[in-house]
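First to last, the sequence lines map onto chains R and S. Going by UniProt numbering, the first residue of the first sequence is number 1, and it counts up by one from there. Going by UniProt numbering, the first residue of the second sequence is number 1, and it counts up by one from there. Everything on this sheet refers to the single structure shown next.
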Amino acid sequence: MLLDANVIEKKRSPRLMKNSFMKMLFLFSTLIGLVVLVVLLGTTLLDGWKYLTVDFFTNFSSSRPSRAGIKGAILGTLWLMAFTTPIAIFLSVGTALYLEEYAPKNKFTKFVETNIANLAGVPSVVFGLLGLTIFVRQFGLGNSVIAASLTLSLMIMPVIVVASQEALRTVPLAVREASIGMGASKWQTVSRIILPAAIPGIITGIILAISRAIGETAPLVVIGIPVALLTTPSSPLDSFQALPMQIYNWVKMPQAEFQNLTAAAIIVLLALLLMMNFVAIIIRNKYSKRF
Amino acid sequence: MVDLNIRERIANNQRSKLVEKTVPIVLFSITIISVLTTIGILYTLIVETVHFFGRVSIVEFLTSTKWNAFSSTPSWGIFPLILGTLKIVVIGAIVAVPTGIGAAIYLSEYASDRTRRIIKPILEVLAGIPTVVYGAFAITFVTPFLQSFIPPLNHFNALSPGIVVGIMILPMIASLTEDALSSVPNSMREGSLGMGATKFETVSKVVLPAAISGVGAAVVLGLSRAIGETMIVSIAAGSTPNSSFNILESLQTMTGFIVQVTSGDAAFGTDVYYSLYAVGMTLFIFTLAMNMISQWITKRFREEY
Chain R
1 MLLDANVIEK KRSPRLMKNS FMKMLFLFST LIGLVVLVVL LGTTLLDGWK
51 YLTVDFFTNF SSSRPSRAGI KGAILGTLWL MAFTTPIAIF LSVGTALYLE
101 EYAPKNKFTK FVETNIANLA GVPSVVFGLL GLTIFVRQFG LGNSVIAASL
151 TLSLMIMPVI VVASQEALRT VPLAVREASI GMGASKWQTV SRIILPAAIP
201 GIITGIILAI SRAIGETAPL VVIGIPVALL TTPSSPLDSF QALPMQIYNW
251 VKMPQAEFQN LTAAAIIVLL ALLLMMNFVA IIIRNKYSKR F
Chain S
1 MVDLNIRERI ANNQRSKLVE KTVPIVLFSI TIISVLTTIG ILYTLIVETV
51 HFFGRVSIVE FLTSTKWNAF SSTPSWGIFP LILGTLKIVV IGAIVAVPTG
101 IGAAIYLSEY ASDRTRRIIK PILEVLAGIP TVVYGAFAIT FVTPFLQSFI
151 PPLNHFNALS PGIVVGIMIL PMIASLTEDA LSSVPNSMRE GSLGMGATKF
201 ETVSKVVLPA AISGVGAAVV LGLSRAIGET MIVSIAAGST PNSSFNILES
251 LQTMTGFIVQ VTSGDAAFGT DVYYSLYAVG MTLFIFTLAM NMISQWITKR
301 FREEY
């Protein structure tokens with residue numbers, strides 16, 4: 001007799017108990033992330049919301065907490081994004097179009113793709129060292145908006161390339177063949193048929209990558225973005241402040257009031273990011289086409 | 001009328017022929033920039049590291065157990081910085097690996113579609129929080145919170161940033177693991193359940209082994225992120241290179257040193273300035289190795305269904 005009904009019966013209850021116990025454990029692991037998120041947002045809001053005054057948005061950074069604000073940081077971050085976004089789009093979408101639509105299937109193409117996957121894993125602080133050596137010193141751009149934008153563009157490029165490649169891949173072959181069959185050339189097909197069809201996926205990737213760039217601090221520290229500055233940039237060659245740098249600067253201050261200012265600045269940064277993510281979700285839902 | 005139209009079209013066609021020829025060249029040149037970026041990183045790191053080893057002995061760098069860059073009699077042993085990084089990574093892994101895999105198992109095997117649709121976006125939000133915010137959270141909330149249980153815990157320590165780094169990489173490990181689990185075909189689950197196995201037995205003996213390459217790759221990628229993590233450790237771990245294994249004391253990681261030097265003013269051309277690149281090179285080698293291991297795991301242990 002291979003199967004003993006009694007043994008099976010005896011073992012069943014502990015097996016089922018183990019199953020429910022493990023299920024609770026897995027559920028608990030899932031909830032840890034949620035609990036942390038709630039605690040993080042809760043403590044930040046509690047510490048910071050009273051400090052979100054009009055003065056906070058219109059004052060420059062100051063060593064006296066009562067007069068410190070984020071005007072320079074907010075405008076600096078906007079300048080940074082205004083230059084990072086077009087550069088990153090140009091580099092990434094161009095690369096993705098080449099790899100998906102034009103590149104021959106050879107060793108070099110494979111090498112470029114592996115290389116991009118490896119670049120995605122390079123720590124942001126190393127991109128900072130690249131920016132410091134090449135853009136700040138070699139090109140003599142100093143700690144300017146354009147030096148920081150170039151650094152951040154290279155850093156987020158792998159993310160947008162991969163997202164754009166995926167978006168381009170979802171455009172079905174039938175659509176391409178239809179376009180070519182109607183007498184359109186390769187570039188006409190790519191620019192008028194494939195790119196418009198893939199654009200929602202590409203834009204979602206761009207927005208998510210840019211929102212990563214907005215919060216990125218380490219490369220900015222490394223290329224020497226100032227923490228206290230009483231001017232806003234008037235050209236891309238000017239120096240600037242940035243929101244995450246302001247947070248990093250304030251969180252290191254010993255006075256208790258700066259902790260509240262840190263929390264207030266974090267609220268502004270997170271609100272900005274949340275808004276961008278929201279736009280990304282809307283674009284994804286509204287314009288995503290099903291073939 | 002018709003004649004003109006055709007001429008126009010031919011003219012147009014010739015112009016578009018030029019476009020057809022230039023577009024691939026332009027796109028190819030853009031693609032080359034990604035290769036140039038890698039070359040740029042390698043070039044700057046290698047050239048300046050070689051420069052550093054022209055001033056400081058490489059033997060000292062690799063064997064000394066003291067890192068004291070700012071002293072008048074500096075010592076340059078990378079060991080304390082690597083140890084600091086490893087302390088953070090190990091604590092982060094203890095937090096993130098079991099919870100990340102557990103959460104992935106729950107989402108992929110137990111949760112209903114509705115629960116999944118609610119929880120996944122929340123994990124995405126967690127993944128999108130900037131690291132400087134996590135750093136502020138570590139120093140203003142987690143450290144004081146831990147100090148109420150562990151009084152000897154220093155203001156700067158390994159434990160608090162380690163835990164927070166774990167929380168930071170948790171969503172990444174969870175989402176990559178879930179991808180791996182959901183690529184296991186349902187027929188295998190049904191086979192196991194049909195033989196009378198419980199859900200947990202199915203997960204632990206059938207689904208996880210089948211997805212092990214994806215899970216392993218997810219963990220290694222998460223740890224590689226932890227090694228390169230910068231802001232959490234520069235804010236909450238302090239800036240004292242430490243060669244003891246005590247996790248309650250202040251320490252410095254490789255990334256923390258780079259931030260400390262560049263946020264102060266290390267004059268261009270000093271030993272400290274060049275040491276940046278030697279430390280950056282070490283960091284780069286570590287993360288590159290981890291990424292390659294992850295790619296190797298994916299290739300080597302992949303099971304095709």
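Even for Gly, the Cβ is constructed at its ideal location relative to N, Cα and C.
Same chain only: Cβ atoms within 6 Å of residue i, ignoring 5 sequence neighbours per side
i	result
residue 1 of chain S	Confidence at residue 1 of chain S is low in this model, with a pLDDT of 49, below 50, so the placement of that residue should be treated as unreliable; the coordinate-derived value is given next. Once the five neighbours on either side are set aside, residue 1 of chain S has no close Cβ partner at all.
residue 20 of chain S	none
residue 157 of chain S	248
residue 192 of chain S	202, 206
residue 67 of chain S	77, 80, 81, 241
residue 288 of chain S	none
residue 250 of chain S	154, 156, 238, 240
residue 298 of chain S	213, 217
N-terminal and C-terminal residue of the alpha helix (DSSP H) that residue i is part of
i	result
residue 271 of chain R	256-287
residue 138 of chain R	No alpha helix (DSSP H) holds residue 138 of chain R; DSSP gives it neither H nor E.
residue 206 of chain S	Counting along the chain, residue 206 of chain S falls outside any alpha helix (DSSP H), and DSSP gives it neither H nor E.
residue 109 of chain R	107-120
residue 295 of chain S	271-300
residue 155 of chain R	145-169
residue 178 of chain S	159-182
residue 132 of chain S	131-137
residue 66 of chain S	Element bounds for residue 66 of chain S: n/a, residue is neither H nor E.
residue 247 of chain R	243-251
residue 10 of chain R	5-48
residue 92 of chain S	79-105
residue 227 of chain R	That residue, residue 227 of chain R, is in no alpha helix (DSSP H); it is neither H nor E in DSSP.
Proximal residues of chain R, C-beta to C-beta of residue i below 8 Å
i	result
residue 199 of chain S	19, 23
residue 224 of chain S	121
residue 30 of chain S	90, 91, 94, 95, 98
Proximal chain S residues relative to residue i, where beta-carbon distance stays under 8 Å
i	result
residue 76 of chain R	None at all; the shortest Cβ gap to chain S is about 15 Å.
residue 152 of chain R	Those do not exist, as residue 152 of chain R stays about 12 Å from chain S at its closest Cβ, beyond 8 Å.
residue 181 of chain R	Chain S residues near residue 181 of chain R: none, gap ~17 Å exceeds 8 Å.
residue 222 of chain R	258, 259, 262
residue 125 of chain R	228, 230, 255, 258, 259, 280, 283
Pair within 9 Å by beta-carbon distance, residue i and residue j
i	j	result
residue 118 of chain R	residue 292 of chain S	yes
residue 142 of chain S	residue 164 of chain S	yes
residue 180 of chain S	residue 217 of chain S	yes
residue 123 of chain R	residue 284 of chain S	yes
residue 169 of chain S	residue 100 of chain S	yes
residue 77 of chain R	residue 209 of chain R	no
residue 203 of chain R	residue 171 of chain R	no
residue 140 of chain S	residue 217 of chain R	no
residue 277 of chain S	residue 22 of chain S	no
residue 152 of chain S	residue 138 of chain S	no
residue 166 of chain S	residue 93 of chain S	yes
residue 227 of chain R	residue 260 of chain R	no
residue 159 of chain R	residue 205 of chain R	yes
residue 200 of chain R	residue 284 of chain R	yes
residue 106 of chain S	residue 199 of chain S	no
Contact set between residue i and chain S, taken where Cβ atoms lie within less than 9 Å
i	result
residue 157 of chain R	33, 34, 37
residue 35 of chain R	Within chain S, no residue comes near residue 35 of chain R; the closest Cβ sits about 10 Å away, beyond 9 Å.
residue 84 of chain R	Correct list: empty, because the minimum Cβ distance to chain S is about 15 Å.
residue 215 of chain R	128, 129, 130, 131, 132, 133
Proximal residues of chain R, C-beta to C-beta of residue i below 7 Å
i	result
residue 99 of chain S	29, 32
residue 20 of chain S	185, 186, 187
Proximal residues of chain S, C-beta to C-beta of residue i below 7 Å
i	result
residue 200 of chain R	Per Cβ cutoff of 7 Å: no residues; residue 200 of chain R is ~18 Å from chain S at best.
residue 266 of chain R	133, 136
residue 244 of chain R	130, 132
residue 43 of chain R	141
Sequence-distant residues of its chain with Cβ nearer than 7 Å to residue i (five each side left out)
i	result
residue 87 of chain R	149, 150, 153
residue 86 of chain S	none
residue 233 of chain S	88, 161, 253, 255, 256
Nearest-angstrom beta carbon gap, residue j and residue i [assumed within contact, 8 Å]
i	j	result
residue 136 of chain S	residue 235 of chain S	7 Å
residue 97 of chain S	residue 173 of chain S	7 Å
residue 262 of chain S	residue 224 of chain R	6 Å
Chain-ordered neighbours of residue i on chain R, where CB pairs are closer than 9 Å
i	result
residue 291 of chain S	117, 118, 120, 121, 122
residue 16 of chain S	185, 187, 188
residue 278 of chain S	Within 9 Å Cβ-Cβ: nothing; residue 278 of chain S doesn't reach chain R, min ~11 Å.
Own chain, CB closer than 8 Å to residue i, minus 5 neighbours either side, in chain order
i	result
residue 277 of chain R	207, 208, 211
residue 219 of chain R	124, 125, 127, 128, 131, 148, 151, 152, 155
Contacts of residue i in chain A (Cβ-Cβ under 8 Å)
i	result
residue 274 of chain S	Absent here is chain A; the protein component of the structure consists of chains R and S.
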